[in-house]
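J.: Heads up, the sequence shown is in my numbering, so the first residue is 2 and it goes up one at a time.
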Amino acid sequence: MKSFLALMRADPHLDIETQQRRLFQLILIAMLAGGAVIAPLFLVGVGWPLGGVLVAAQLIAAGFAAVALFQLRKARLQPAIFLTALGFVFALAVVLFAFGLRASTALLPIAFFPLAWVALLGSPRSAWATLGIAILAVSGAALEGNGLPWVGFLAAPELPTFLTVIIFTVAGIILGWFLMQSGQTLRTALDRSHQREAELAVLRDSLETTVALRTESLQQALTAVQAREAQLAQTLAELHTSQETIRKLSAPVIPALPGTLVLPLVGTLDSARAATMAEQVLSAVEQRRARIVIIDMTGLSMVDTHVVQALLSTAAAVQLLGARVIAVGIRPEVAQTMVALQITMGSITTYTDLQEAVLTTLCESGWRHVDQEQPGVR
């Protein structure tokens, strides 16, 4: 009883197919219950054999309904609908063939009952199949005038008034309730569809807002990245300019006298700085047409084979341009290191300090200095 009442209550949260299965299950239960009530009335009110034909037709419909109910238990809605419609049409065919078409004209509208629920709940193929079988049944019953013994072999019964009222009431209640429940199910599905559509619209608007916000955020982030990139490019350009300035200042070439250049070296001399030194010295010798280049090594923190090779390479290039190279400022510890490493200055002339080299250059140029003796060449 509780399960039957649960079936009677519509649950809007269920999907439409589940609601249709529950609805059709109620229809089958109602048909079986109604048949159980009406069958004895047929036998009492009409008698045998007319009542037996009506009971046989009812048993055929009930048998198909029972099989359909079993199919519904397995969640097979479409086979259950088609089986129920077939049972109804076959039951109607038994009555039409027994009493003939002319005597059973009032029963023909009953054929639209199965067509109604197949059209509402079933598939188009099931609806057309049900309609075709019903047409065949009516066409077969129409052959009663051709002398066929199995058509119209019984006289149509005259049903008692109370039985006619009962049949009409039961059929009307079942059909009316079925149509109302079907309409309610469809309205519920439509309302749920509208609700889902409204929810989707809200979700779409929310998604569009989120996408717009994300797009704006990404645009701002892109603008910030582009600004940082531009700032970084400017910083790199300034850094390159500073590095170029530092590179030039790391090996400055100073004009000391007409035709004489001084190259002071401070700190350590790596490969990059040696290349810069050679480039700037050669450029200055060419531009100023220098005859003498004095390399001041007083500020060098370390002199090794690499440093001497760089100096010798630069001196050779300067000499190819027609200038003479003089090295000054070699400290005693540096000299000891060079001797230990067996490093020689080759064709480079050396002096103690820059002053001695400059005075020597002046003397060689014809200048005289009253306070200093002319230094000798080492």
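For each residue, glycine too, the CB sits at the ideal point set by N, CA and C.
#1: For the region 249-313, list the beta strand (DSSP E) runs that are entirely contained and at least 3 residues long, ordered along the chain.
#2: Give every residue of the same chain whose Cβ lies closer than 6 Å to the Cβ of ILE134, excluding the five residues on either side of it in the sequence, and list them in chain order.
#3: State buried or exposed for GLN72, treating a residue as buried only when at least 16 other CB atoms are found within 10 Å of its CB.
#4: From the DSSP output, which residues share a beta bridge with ALA328?
#5: If contacts are defined as beta-carbon pairs under 8 Å, then ALA57 and VAL95 qualify, I think. What distance do you get, rounded to the angstrom?
#6: Could you say which of ALA92, SER127, TRP118, ALA120 lies nearest to ALA138 if we only look at CA atoms?
#7: Given GLN79, which residues of its chain have a CB within under 8 Å of its CB, disregarding the five upstream and five downstream residues?
#8: Check the C-beta distance from VAL294 over to VAL326 and give it rounded, since I have them as a contact under 8 Å.
#9: Starting from GLY123, trace the alpha helix (DSSP H) both ways and give me its first and last residue.
#10: Which stretch, first to last residue, makes up the alpha helix (DSSP H) that contains THR345?
#11: Distance check for GLY141 and PHE1, CA to CA, integer angstroms please.
#12: For the candidate residues GLY347, GLN220, VAL54, ILE331, whose alpha-carbon lies nearest to that of THR299?
#13: Pick out whichever of ALA86, ALA275, THR170 has its Cα sitting closest to the Cα of LEU301.
#14: CA-CA distance, GLU280 and GLN320?
#15: Starting from ILE82, trace the alpha helix (DSSP H) both ways and give me its first and last residue.
#16: Going by DSSP in three states, SER366 sits in which element: helix, strand or coil?
#17: Taking the alpha carbon of GLN356 as the reference point, which residue from LEU258, ILE61, VAL335, PHE114 has its own alpha carbon closest?
#18: Nearest CA to the CA of GLY347: which residue from GLN337, LEU322, GLU334, VAL309?
#19: What three-state label does DSSP hand GLY323 in the structure shown?
#20: Tell me whether ARG205 is buried or exposed, calling it buried when 16 or more other Cβ atoms sit within 10 Å of its Cβ.
#21: By a C-beta neighbour count over all protein chains shown, 10 Å radius and 16 as the cutoff for buried, is ILE349 buried or exposed?
#22: Assign GLN227 to buried or exposed, taking buried as 16 or more other Cβ atoms, counted over all protein chains shown, within 10 Å of its Cβ.
#23: Rounded to whole angstroms, what is the Cα-Cα separation between VAL359 and LEU240?
#24: When we look at the beta-carbon of GLN235 and count the other beta-carbons within 10 Å, is it buried (16 or more) or exposed?
#25: Check this for me: beta carbons of ARG23 and ALA81, under 9 Å apart or not?
#26: Just how far apart, CA to CA, sit PHE83 and ARG215?
#27: Relative to the C-alpha of ALA328, which residue among ILE344, GLN337, THR353 is closest?
#28: Count the other CB atoms, across all protein chains shown, that sit within 10 Å of the CB of MET181; report buried if there are 16 or more and exposed otherwise.
#29: Rounded to whole angstroms, what's the CA-CA distance from ARG10 to VAL212? Just pull it up for me.
#30: Please name the residue, chosen from ALA117, GLY88, LEU29, ALA62, that lies closest to ARG74 on a Cα-to-Cα basis.
#31: Contact defined as beta carbons within less than 8 Å: I believe ALA1 pairs with LEU33. What is the distance between those atoms, to the nearest angstrom?
#32: Can you tell me whether ASP271 is buried or exposed? The criterion is at least 16 other CB atoms within 10 Å of its CB, across all chains shown.
T.: Looking at the coordinates:
#1: Complete beta strand (DSSP E) runs here, min 3: 255-258, 261-268, 293-301.
#2: By 1-based counting over the sequence shown, the position of residue 134 is 133. For ILE134, where only same-chain residues beyond five positions count, the Cβ hits under 6 Å are VAL90.
#3: As a position in the sequence shown, residue 72 is number 71, starting the count at 1. Label assigned to GLN72: buried.
#4: Position 327 of the sequence shown holds residue 328. The partner list for ALA328 (beta bridge, DSSP) reads ILE296, THR351.
#5: One-based indexing of the sequence shown puts residue 57 at position 56. One-based indexing of the sequence shown puts residue 95 at position 94. Correct: roughly 6 Å between the Cβ atoms.
#6: Taking the first residue of the sequence shown as position 1, residue 138 is located at position 137. Nearest Cα to ALA138 within the set ALA92, SER127, TRP118, ALA120: ALA92.
#7: As a working mapping, residue 79 is identified with position 78 in the sequence shown. GLY123, SER124, SER127.
#8: On the sequence shown, residue 294 is found 293 positions in, with the first residue counted as 1. On the sequence shown, residue 326 is found 325 positions in, with the first residue counted as 1. By a beta-carbon distance limit of 8 Å, VAL294 contacts VAL326. Their separation comes to about 5 Å.
#9: Translated into positions along the sequence shown, residue 123 becomes position 122. That residue, GLY123, is in no alpha helix (DSSP H); it is neither H nor E in DSSP.
#10: Within the sequence shown, residue 345 is the residue found at index 344, counting from 1. Bounds of any alpha helix (DSSP H) do not take in THR345, whose DSSP letter is neither H nor E.
#11: The structure shown does not extend to residue 1, since the chain is modelled only from 2 to 379, so the question has no answer here.
#12: Numbered from its first residue, the sequence shown carries residue 299 at position 298. THR299 has its Cα closest to that of ILE331, out of GLY347, GLN220, VAL54, ILE331.
#13: To locate residue 301, count along the sequence shown from 1; it is residue 300. When each option's Cα is compared against that of LEU301, the closest is ALA275.
#14: Position 279 of the sequence shown, counted from the start, is the residue given in the question as residue 280. Position 319 of the sequence shown, counted from the start, is the residue given in the question as residue 320. Taking the straight line from one Cα to the other gives about 14 Å.
#15: Within the sequence shown, numbered from 1, the residue matching residue 82 stands at position 81. ILE82 -> alpha helix (DSSP H) spans 78-100.
#16: Within the sequence shown, numbered from 1, the residue matching residue 366 stands at position 365. Three-state DSSP puts SER366 in coil, outside helix and strand.
#17: As a first step, residue 356 must be located in the sequence shown, where it is residue number 355. Ranking LEU258, ILE61, VAL335, PHE114 by CA distance to the CA of GLN356 puts LEU258 first.
#18: Counting from 1 along the sequence shown, the entry for residue 347 is found at position 346. Closest option to GLY347, Cα to Cα, is VAL309.
#19: Here residue 323 refers to the residue found at position 322 of the sequence shown. DSSP places GLY323 in coil when its eight states are reduced to three.
#20: Start at 1 with the first residue of the sequence shown, and residue 205 comes out as number 204. If you draw a 10 Å sphere on the C-beta of ARG205, you find fewer than 16 other C-beta atoms in it, and that means exposed.
#21: Along the sequence shown, one-based indexing puts residue 349 at 348. Around the beta-carbon of ILE349, 16 or more other beta-carbon atoms lie within 10 Å, marking it buried.
#22: The count along the sequence shown starts at 1 and reaches residue 227 at position 226. By the Cβ-count criterion, GLN227 is exposed, with fewer than 16 other Cβ atoms from all chains shown falling within 10 Å of its own Cβ.
#23: Taking the sequence shown and counting its residues from 1, the one referred to as residue 359 is at position 358. Taking the sequence shown and counting its residues from 1, the one referred to as residue 240 is at position 239. Their backbone Cα atoms lie some 37 Å apart in a straight line.
#24: Here residue 235 corresponds to residue number 234 of the sequence shown, with the count starting at 1. Label assigned to GLN235: exposed.
#25: Here the question's residue 23 lines up with position 22 in the sequence shown. Here the question's residue 81 lines up with position 80 in the sequence shown. If you check the CB distance, ARG23 and ALA81 do not come in under 9 Å.
#26: Your numbering for residue 83 matches position 82 in the sequence shown. Your numbering for residue 215 matches position 214 in the sequence shown. When the Cα atoms are used, PHE83 and ARG215 turn out to be separated by approximately 54 Å.
#27: Position 327 of the sequence shown, counted from the first residue, corresponds to residue 328. Looking at ILE344, GLN337, THR353, the one whose alpha-carbon comes closest to that of ALA328 is THR353.
#28: Taking the first residue of the sequence shown as 1, we reach residue 181 at position 180. By the 10 Å Cβ count, MET181 comes out exposed.
#29: The count along the sequence shown starts at 1 and reaches residue 10 at position 9. The count along the sequence shown starts at 1 and reaches residue 212 at position 211. Bear in mind that the predicted position of ARG10 carries a pLDDT of just 49, short of 50, making it too unreliable to give a figure here.
#30: Taking the sequence shown and counting its residues from 1, one reaches residue 74 at position 73. For the residues ALA117, GLY88, LEU29, ALA62, the minimum Cα distance to ARG74 belongs to LEU29.
#31: Since the first residue of the chain shown is 2 and the last is 379, residue 1 is not available in this structure.
#32: Here residue 271 refers to the residue found at position 270 of the sequence shown. Around the beta carbon of ASP271, a 10 Å sphere encloses fewer than 16 other beta carbons of the protein chains shown; the residue is thus reported as exposed.
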